[in-house]
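These protein sequence lines map, in sequence, to chains W and L. Mapped onto numbering that gives the first Met the number 0, the consecutive letters of the first sequence carry residue numbers 0 to 470. Mapped onto numbering that gives the first Met the number 0, the consecutive letters of the second sequence carry residue numbers 0 to 470. Below is one structure, written out as structure tokens; the observations come after it.
There are 2 protein chains.
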Amino acid sequence: MVQKRLARGGATSLLALLALTCGAAPAAAQETPAAVAGKLRDAAAADDWGYRFLERLTSEIGPRLAGTEALTRAATMAQRELSGAGFENVHAEAFPMTAWIRGVETGEIVAPAPQHLVLTALGGSVATPASGIEAEVALFRTWADLLAAPPQSLTGKIAVVTQRMVRAADGGGYGAANPIRRAGASEAAKRGAVAYLLRSLGTDNHRLPHAGAMNYADDAPRVPAAALANPDADQLERLTALGPVKLRLVLTPTSNENASSVNVVGEVKGSERPDEIVLIGAHLDSWDLGTGAIDDGAGVAIVSAAGRLIAALPHHPKRTLRVVLFGAEEMDYSGAAYAKAHADDAAKIALAGETDFGARKIYMLAAPAGSAKSEFTRTLSETLVPLGIYLGRDPALFAGDDVRGLQTAGVPVISMRQNGLDYFDIHHTADDTFDKIEPQELAQNIAAWTAMAYLAAETDVDFRALATAQR
Amino acid sequence: MVQKRLARGGATSLLALLALTCGAAPAAAQETPAAVAGKLRDAAAADDWGYRFLERLTSEIGPRLAGTEALTRAATMAQRELSGAGFENVHAEAFPMTAWIRGVETGEIVAPAPQHLVLTALGGSVATPASGIEAEVALFRTWADLLAAPPQSLTGKIAVVTQRMVRAADGGGYGAANPIRRAGASEAAKRGAVAYLLRSLGTDNHRLPHAGAMNYADDAPRVPAAALANPDADQLERLTALGPVKLRLVLTPTSNENASSVNVVGEVKGSERPDEIVLIGAHLDSWDLGTGAIDDGAGVAIVSAAGRLIAALPHHPKRTLRVVLFGAEEMDYSGAAYAKAHADDAAKIALAGETDFGARKIYMLAAPAGSAKSEFTRTLSETLVPLGIYLGRDPALFAGDDVRGLQTAGVPVISMRQNGLDYFDIHHTADDTFDKIEPQELAQNIAAWTAMAYLAAETDVDFRALATAQR
Chain W
0 MVQKRLARGG ATSLLALLAL TCGAAPAAAQ ETPAAVAGKL RDAAAADDWG YRFLERLTSE
60 IGPRLAGTEA LTRAATMAQR ELSGAGFENV HAEAFPMTAW IRGVETGEIV APAPQHLVLT
120 ALGGSVATPA SGIEAEVALF RTWADLLAAP PQSLTGKIAV VTQRMVRAAD GGGYGAANPI
180 RRAGASEAAK RGAVAYLLRS LGTDNHRLPH AGAMNYADDA PRVPAAALAN PDADQLERLT
240 ALGPVKLRLV LTPTSNENAS SVNVVGEVKG SERPDEIVLI GAHLDSWDLG TGAIDDGAGV
300 AIVSAAGRLI AALPHHPKRT LRVVLFGAEE MDYSGAAYAK AHADDAAKIA LAGETDFGAR
360 KIYMLAAPAG SAKSEFTRTL SETLVPLGIY LGRDPALFAG DDVRGLQTAG VPVISMRQNG
420 LDYFDIHHTA DDTFDKIEPQ ELAQNIAAWT AMAYLAAETD VDFRALATAQ R
Chain L
0 MVQKRLARGG ATSLLALLAL TCGAAPAAAQ ETPAAVAGKL RDAAAADDWG YRFLERLTSE
60 IGPRLAGTEA LTRAATMAQR ELSGAGFENV HAEAFPMTAW IRGVETGEIV APAPQHLVLT
120 ALGGSVATPA SGIEAEVALF RTWADLLAAP PQSLTGKIAV VTQRMVRAAD GGGYGAANPI
180 RRAGASEAAK RGAVAYLLRS LGTDNHRLPH AGAMNYADDA PRVPAAALAN PDADQLERLT
240 ALGPVKLRLV LTPTSNENAS SVNVVGEVKG SERPDEIVLI GAHLDSWDLG TGAIDDGAGV
300 AIVSAAGRLI AALPHHPKRT LRVVLFGAEE MDYSGAAYAK AHADDAAKIA LAGETDFGAR
360 KIYMLAAPAG SAKSEFTRTL SETLVPLGIY LGRDPALFAG DDVRGLQTAG VPVISMRQNG
420 LDYFDIHHTA DDTFDKIEPQ ELAQNIAAWT AMAYLAAETD VDFRALATAQ R
């Protein structure tokens, strides 16, 4: 019903306008790619279909944890949306995964100052006993301090690392701090700890902990792990400075090794070289605490809206545009599953990109390796200027977790960098909800991705050859 | 231990300096009140004792719900602090109250889009059955819409009001919206509703609901009531626009009618007219979700720090300064209890004030009624100018919930208005924690309250007579 209410109207008449102005008459077929890209860019900036799709996804589905029934509902909605938006070959590609389901999660300071702590279990964490773990805290203010702790020095303790991730314009503080979440439990367990807590990887000061996946090393006991809200990490710093602090931790997540998820695919068939693929992706799954608006409902809306506008062109671009909505990014499954399933035809993918960083404005294009002087990159960067995007000096080295498998298999990638100053204020928290999206900033992203995807599909440039020539 | 670590040093030597510069030698006894007030103001602005007391209160005690063991621990700490700060006659005055203790609180959208809602029970709410209430939503976007609903029109429904409180520089949007929380459950129940939800009275967009007390009318069934986080209210608005929405609500709070709390008192005995009292107060209790930093640990720190600096003067002001840390403001008990206990000696209270609005800067003095042209108000307003505070046109009409009972009994009041633009972003939420306090803004408050309390205790102005003369 939202769909009925919102997807019509302005959006539909805009598509009609696009068809009229982009060479519906045969004579106009000679319109330059730059001209078509410019019209697509301007049409996208004035279109709210992507914003409304994101509204439907985050409202009518809400949280979409991979391997759960909610993801299945989201995939059904996504296929319906892609079909309605004019995509062809809309389908879902299933893959197996281990699902991880959050349970009870409570933390209490038992002594010296009884009070509640706000925390959330890390994805993949084992459970505590149902009665919990009660133990003294060993607090480290930096990750290096934990790594410097001698073997057995944490025996029987709950290890806590309170290093804060750095706020940075490009969000780079997250990657730098990532080992604290990914590897902390095993590093603590190697030293004898019975559980592990970290200060959330987040730049906010709210009592909303940041979820996220972790990994266990093979050579360490598996101990439960959770992230504290930032003010709660502060509180533990203050109290441990006074003397011993005892915590009680209850985490009861469960795992299902026989779960599955899907990658949802839709295409705009190429008019001249349909076997060559330009792949743009985002991830449909989200963490369970919020409704996955910035991570990554926004990305889903961006690539879907881009494909919809390109599908509406009277003359499809030469190559096929393939939109992939990955179904288990947060749990580290979908990119690998896609690369594995497409190992034999990855060579057909001319270029891949992914958008998974919210809906703040893009400020920079990172072009495919070796393409800096190509007609494609020149045209694209000129098309993006009115959107406030410049061509970066360096080529795209990383384009997203879900296309990394393809990249490893030799697929060239492209990336567009977004303002990330406040992304990690709400990333992976309950606060990741639809109200956090600025429609005009989302529209700028859609405009850029539409222009990029069109030009990449229309160009004759061979990105593989350029990348190889440069090596 | 924090106390040992932090309260000494700078603060202690500052007190010594104050003693030296404020007439420790007999000759200097003729220093004007204005000069002493100015020195107190400057000493307070450079003192961190209040900030450190607030740190101890919010860390070593944490949440301090009235009628619970935590409030008792807080009262013990407060008496220790006041004694250590040089107050005399430090004691606690007990009063009976009904304690209300939060239980489980969960909200789930059952249909059409299963997902979790973030909410918190209102203080005083009855419980749902342990198995919860499952019912369809009747959503009203304004309070007036609910009031306009006919009798029985909500039979069997969960009534939801999603009107948003207005952000305002002086926080005035809160009072305007207060009936939605206070009276909503009974208004809904009169129309047949089985439960009541409101959009949190808060100006933020976080998944952190705002607690707060509510009242039941005598002529309506008592139905459970809770506040939704703002994004969750948005979500219900979107989903109810599509069709029927069914919720499942579980709230299991309990009440204890035989609980008690205390008001903690400390005094600086007057040097000439010790039976005349200048009373400054704040409230020691807090909601249970956060640690009560802005509401009202800050106020506790402000009035305690003011009294400490005045107690350190070699010549106490003429009147007695009495600091009262009220023990059940959030539950509406402590002000009434204090007024009742002191009905016979309220006439001795020359002036009363309360600070219960966080630690943002004071911008305006609202002087006692009829005092605009008095030597007291002229001197005080001149003393406050360097702090960026002006004398307001209107006298103090309201000074705080805990001194309202005294005011009703004829006690003159004074008030200082703070910047309230973001107060209701975190008021009554889990986010009300120590990290939200800006030390320099807290110090400005302490400086203003110290100067005000000193001048009110030192002056010969009879505020009662001025107020009466003006009527």
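Every residue, glycine too, gets a C-beta built ideally from N, C-alpha and C.
In this structure, DSSP gives Pro95(W) an extended state, which the three-state scheme calls strand. Between Pro411(L) and Phe462(L) a beta carbon distance of about 4 Å is seen, short of the 8 Å cut, so the two are scored as contacting. With its beta carbon at least 8 Å from every one in chain W, Leu248(L) lies outside the interface.
The count of Cβ pairs closer than 8 Å, one atom from the region 286-296 of chain W and one from the region 52-64 of chain W, reaches three, so the stretches are in contact. For a Cβ distance threshold of 7 Å, nothing in chain W lies close to Thr105(L): the least Cβ distance comes to about 12 Å. Proximity of Glu80(L) to chain W, defined by a Cβ-Cβ separation below 8 Å, is not satisfied. In chain order, Asn262, Phe325, Gly326, Ala327, Asp401 place their CB closer than 6 Å to the CB of Ser333(W), counting only its own chain and leaving out the 5 sequence neighbours on each side. For Thr119(W), the enclosing beta strand (DSSP E) stretches over residues 118-120.
For Leu227(W), the nearest beta carbon of chain L is not closer than 8 Å to its own beta carbon. Nearest CB-CB separation between Pro252(W) and chain L: not below the 8 Å threshold. Interface residue (Cβ-Cβ distance to chain L less than 8 Å): Ala429(W) is classified as such.
Relative to the Cα of Ile348(W), the nearest Cα in the group Thr376(W), Thr407(W), Arg166(W), Asp355(W) belongs to Thr407(W). CA-CA distance, Leu200(L) to Glu236(L), rounds to 16 Å. Residues of chain W whose Cβ lies closer than 9 Å to the Cβ of Thr75(L) do not exist; the shortest such Cβ separation is about 13 Å. Within chain W, the C-beta atoms nearer than 8 Å to that of Asp434(L) come from Asn204, Asn229, Pro230, Asp233, in chain order.
When beta bridges are read from the DSSP output, Leu320(W) appears opposite Val267(W), Val277(W). Against chain L, the beta carbon of Ser285(W) has no neighbour under 7 Å; the closest one sits roughly 11 Å away.
Note on geometry: alpha-carbon atoms of Ala232(L) and Leu197(L) lie some 8 Å from one another.
Taking a contact as a CB-CB distance under 8 Å, the pair Ser152(L) and Pro223(L) does not count as one, their CB atoms being some 19 Å apart. At least one C-beta of chain W is nearer than 8 Å to the C-beta of Pro62(L). Between Pro230(L) and Arg247(L), the CB-CB gap reaches or exceeds 8 Å. With 16 or more neighbouring CB atoms inside 10 Å of its own CB, Val460(L) falls in the buried class. When secondary structure is reduced to three states using DSSP, Ile60(W) falls in the helix class.
Taking CB atoms only, Ala188(L) has no neighbour in chain W less than 8 Å away.
In the displayed model, Ser260(L) falls within a strand according to three-state DSSP. Judged by DSSP secondary structure, Gly399(W) falls outside any beta strand (DSSP E); it is assigned neither H nor E. Burial is judged here by how many other beta carbons sit within 10 angstroms of a residue's own beta carbon; Val165(W) has fewer than 16 and is exposed.
Residues of the region 105-120 of chain W with a C-beta atom less than 9 Å from some C-beta of chain L are Ile108, Pro111, Ala112, Pro113, Gln114, His115, Val117, listed in chain order. Of the residues assessed, Ala297(W) falls on the buried side of the cut-off, its CB having 16 or more other CB atoms within 10 angstroms. By a beta-carbon distance limit of 8 Å, Ser303(L) contacts Gly49(L). Their separation comes to about 7 Å. Just so you know, the alpha carbons of Gln439(L) and Asp217(W) end up roughly 50 Å apart. At a cut-off of 8 Å between beta carbons, Leu238(L) contacts chain W. In the structure shown, Phe139(L) falls within a strand segment according to DSSP collapsed to helix, strand and coil.
Remark: C-beta atoms of Ala455(W) and Val277(W) approach each other more closely than 8 Å.
Contact check for Thr119(L) against Ala188(L) fails: the beta carbons are separated by 8 Å or more.
In this structure, DSSP gives Thr253(W) an extended state, which the three-state scheme calls strand.
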